[in-house]
Structure formats: C-alpha cells, structure tokens
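Numbering (our numbering), first residue to last: 947 to 1425.
In what follows, a single structure is set out as structure tokens and then discussed.
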Amino acid sequence: MAQDKKQVTAITPRDKDFAQWFTDVVVKAELIDYSSVKGMFILRPYGYAIWENIMHQQDARYKELGHENVAMPMLIPESLLLKEAEHVAGFAPECAWVTFGGSDPLEERLAIRPTSETLFCDHWARTVTSWRDLPKLYNQWVSVLRWEKTSRPFLRHREFYWQEGHTIHATPEEAMHETEQMLEVYADLCENWLAMPVVRGRKTDKEKFAGAERTYTLECMMHDKKALQSGTSHYFGNGFAKQFDITFTNKNNEQEHPYQTSWGISTRLIGGIIMVHGDDNGLVMPPRIAPVQAVVIPVAAHKEGVTEASRELLARLKKAGIRAKIDETDNSFGWKAAQYEMLGYPLRVELGPKDMEKGQCCIARRDTGEKYFVALEDLESKCASLLDEIHDNMYAAAAKRLEENTFYAETWQDVDEIMEEKGGFVITKWCGDQDCELDMKDMAGVSSRCIPFKQRGTEGKCAICGKTCTTDIMWGVAY
RNA sequence: CGGGGUGUGGCGAAGUUUGGUAUCGCGCUUGGUUCGGGUCCAAGAGGCCUCGGGUUCGAAUCCCGACACUCCGACCA
C-alpha cells in the first residue's frame, strides 16, 4: 500500500535499526534541529513545549516542598572548581574554558559550568553562618556545558537544559531525607506523568556522582532494553562543606560543617519518553505531559457547518482543561491522521458530516489506534477518561516490558549469556568489590546500573568472585 | 579519542568506477480538484554538488587536507 510505503520512508522501523529510528523520530516530529556546533541542538517549539510542561509540573512540586529558585553565574573560576578533588577529577576533563578578546593572560581561567555545586558552595560559604540560616533549599533551571566526545539528540548534548537542586542542612539525617525525598519526586514524575516505570536504587562507588557520598538513581528500560538514567539525587555529607569552608554555629554555639545534597533531571527525559513509548509511526506522547492532548480534525470541511462545529468542539475541549488544537489546513484527512500519529498526540477528534447527522464525533487514540464514536455531549468526559486510560495503558505496557526483560542470574557467565541472547536488566549477587564490578564489564559487557532498593534479602554468591554475600545488584547496558 | 559509513535545492536519493557544466521523488508557491487513512491535474520557484587546496582546456566526479553528521567502542546526565 502507498500509505505503508510512505511511512517506511519517513521513519525507519524501530526493530530494524533502533538508533536510526530514534534519530528519525526526533527529526521528523520536529523536536530538534541540528545546529552548526557539534553536540549543540536546537529545541524546536514542539520539543521545547515538552520540556516546558515538565518544568511547570516539577517547578510547582519543588515549591510545594519549600524550594526556592535562584540563578547562579554561568562561569566558574578555576580555583573554585579545584577545591573538591573528586569533583574536579570528574568534571574538569569535559569543561570548556572561556577566553575574552583583550583579557590579561595571567587572569584566572573561567570554566563554563558543567554543574553548579561549587558555585552554591562558594555562595553558602559567605552567607550561611548560623543554624537559623538552615536549611537552604535552592533550585535553578539552567543549561550546562560538558564537552562530550560524542553527542546524540536528547541523550547526550554538550549543552543541555536541566534543573539542578542544591540544598544545605544542619544535620546528615535531614540532608539524607532530602536526597531520598527528591528521588521519590522524580520517580513520581516518571511514573505518573511520563508513564515510565523506573527502578529505584543506589549507584555503586564507581558510578556515583563525582564528589558525592551517595548517589540515588532511577533506571528506566528503553524499548531496545538498554538503560537510561532518568533522574539522580546525591547526598554529599559534609565533604563539600569542608573543602569550601562552609560552617555554621549550632544551637550549642559550636562551629559545624553543614550537610548538602543535589539532584537533577534534564532534557534527556525527553529521549526517554521517545525510546520507551515510540513506535514505527513515530512519537507516542504520555497524555499528562503532552503539549497537545487532542487535535480536532474537521472532515470534509467544505461541507456546511463542519468547520464551525469543529471549532466549537475545540472550544469545549479547551474549556474542559484539555490541551487541544484544530487542524483547518487543506491537507487531506489521511495526511493529517498520519502527521499527528507521528507527533504522538494522544487523541484525535474527528468530526464530519455523517457524525453531525448522528450527533457524534469519532475519537481515535494514539497508543492503541482504537476508534470510538462518542455522543457529542460526552466529548469532554470521554476525552478526559481516555487520557487517563492511555496513560495507564502506556505505563502498563512499559512496566510489562521491564518485568519481562529483567532476569536473575547466578554467575557472570549467565549474565553474559542472557545479554547475548535477549538483553535487558540482570540482577545478581555482588560482594561489593569494585574489581568484580569492573570484571563484569569486561566479561559480560554490562555495567552496574544500581543496587536496587528492593532487595531479595537472600544470601548468595557474588556472580564474579563467588564470595558469599547478600547484596543484589542490577546490570545493564547504559545510554 | 579509536574504527566504519555518509556529505548533491528544505528532505530523501541518482550521477562519482570510465571528468564535458546537474537529474528524479517528496516538500514548497500559484490555480483548480478532492476531502471518513499520507487526493488528483497543471504551471512555477529553488542548487557556487560540505569547505579549502591541487591536477586539467574543463572537476559533483581524480588527488591531498579540513569540517560536519551518523553508527560501533572507550568516557559521561
């Protein structure tokens, strides 16, 4: 069929070449455009709208929890960056440094922020003096720069937009609570807004954030069974505070170092949405974050009253709080149907002369392709319930895939075999030794994704060295 | 940063082996037609063939170099 042919040429089938499929979707759905600087991408209106919705949703949530937004400088003096040894080691190699036209060559070098811990520390060293100043719960929505060697749309930008939360507390308990709380906020975003099931866990020392004492993560399985880290939350202890000389006077008039956290999500989540939900026809947007939840398409618009009646439906949808738009262009119906499938709009509301006679409209859902003929008076309620249903269905499908592709194994040979045959996440016992972790990478080609919060609690043998231990660790191939 | 692939109107390609002044489809513009799954017809616009050197009477085509994109590794949200 001509229709199939065109779709194939538009988007590479997902199972044929996942990477190419991803690139096709990103470009064809007009989420991104390549810029003239390698690794720097243009977020087009539709792509940015997704990020805006994530921002709005999260920003409100952070504020509810008492966080305040701030804006830190973009440049970091080299001396600041050098203060925390592990942190520098992690980030210095990918820092970009600025030089100015007529500047004094002896002037201190300035890095473009790869992340802003050092800036917050510098600020707090000056402004935090008493227990009464704590906690500070800050957040900023900014872009950061990391000179990555290879880049991919959404998954690895040299400049990417994110949100970085930074908090400072009087006690380790309070800071740890913040770290755990924010991970759960992210998990809620993923599961209840993006329909992406996640595995909550803790990073190993090898994989944790440079300078952190502990890193929590959400690992999400993409359609190709690879893992995408979809949110992280770090507990710093008072390591940074010591290096940056941040102290406060406690209630007993003693000097103490405070405890810090940081946490972040980025536009990478959009890559996750695409790779978890997308199909051969393009993007499938989770309804709660979709920039457009329903598009109204007048069918045979030249016929008496169709356009007016369609506009009325649009107005009703908007009034009901559904993000909707109408397509009144003279493109054919088939073109429109295919176009909005590519863009992943959750619902398509069709209204034609035949519908008008019967007092109904046709609603098609993106996730399953099912069509419903709905009495016009039920439009709002049906759309609202369908959007919820779509969310639930998308989540369930992704959760099923996660479950079906998560395996338990005894030895590294088993892991290797599973990865060879099927791919996915594999959980084994691990003794905690970093050498074993590195060996697993060499022998089975997987890295540790996390030590899941959900532990079996059984005793077993480390999959690499065979030592008796109880810790479950999850392995996978990461993006 | 190592290994492969690619670079030709907005997009996708042919042409490159065997040098001779650029072709096709989609899209775009205009007019008509059609409209319940990528309508059809007609007329148009749009390209220093990624960039820089070289060879040649003549280069998209041959040679050297650079850059970009892309895939696979290593590194990272």
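Using N, Cα and C, we set each Cβ at its ideal position, and we do this for glycine too.
Thr1213 sits away from Trp1139, with the two beta carbons spaced by 8 Å or more. Under DSSP, Asp1225 shares a beta bridge with Gly1228. Residue pairing from DSSP places Met1420 in a beta bridge opposite Ile1373, Cys1396. Taking Thr1253 as the centre and dropping the five residues before and after it, the same chain places the C-beta of Pro1244, Ala1247, Glu1274 closer than 8 Å to its C-beta, in chain order. Ranked by Cα distance from Glu1287, the options Val1423, Ile1272, Ala1310 are led by Ala1310. Trp1043 sits exposed, since fewer than 16 C-beta atoms from the chains shown fall within 10 Å of its C-beta. The stretch 1103-1184 is shown to contain whole alpha helix (DSSP H) runs of 4 or more residues at 1118-1134, in chain order. Under the three-state reduction of DSSP, Lys1082 is assigned to strand. The DSSP-derived three-state label of Ile1058 is strand.
If you draw a straight line from the Cα of Glu1153 to the Cα of Ala1173, it comes to about 14 Å. A direct Cα-to-Cα measurement between Gln1003 and Gln1359 gives close to 44 Å. With respect to Asn1015, Gln1086 sits close: the two C-beta atoms are nearer than 8 Å.
Shown here for Arg1395: same chain residues with a beta carbon closer than 6 Å to its own, the five before and five after excluded, namely Glu1165, Ala1173, Met1420, Gly1422 in chain order.
Taking 8 Å as the upper bound for CB-CB distance, Ser1062 and Met1018 are in contact here, some 5 Å apart. CA-CA distance, Leu1083 to Val1074, rounds to 12 Å. By the Cβ criterion, the stretch 1297-1317 is not in contact with the stretch 1099-1113, since fewer than three pairs of Cβ atoms, one from each stretch, lie closer than 8 Å. DSSP places Ile957 outside both helix and strand once states are collapsed to three, so it counts as coil.
CA-CA distance, Met986 to Ile1216, rounds to 16 Å.
Counting C-beta pairs closer than 8 Å gives three or more between the stretch 1220-1227 and the stretch 961-971, which meets the contact rule. A direct Cα-Cα distance of roughly 11 Å separates Asn1198 from Ser1076. Every candidate alpha helix (DSSP H) stretch fails here, since none sits fully inside the stretch 1300-1337 while reaching 4 residues.
Per DSSP, the continuous beta strand (DSSP E) segment holding Pro1023 begins and ends at 1021-1023. Around Glu1054, the same chain offers Pro1023, Glu1024, Ser1025 as residues with beta carbons nearer than 7 Å, after the five sequence neighbours per side are excluded. Residue environment analysis places Leu1028 among the exposed positions, since fewer than 16 neighbouring C-beta atoms fall within 10 angstroms of its C-beta. In the displayed model, Gly1036 falls within a helix according to three-state DSSP.
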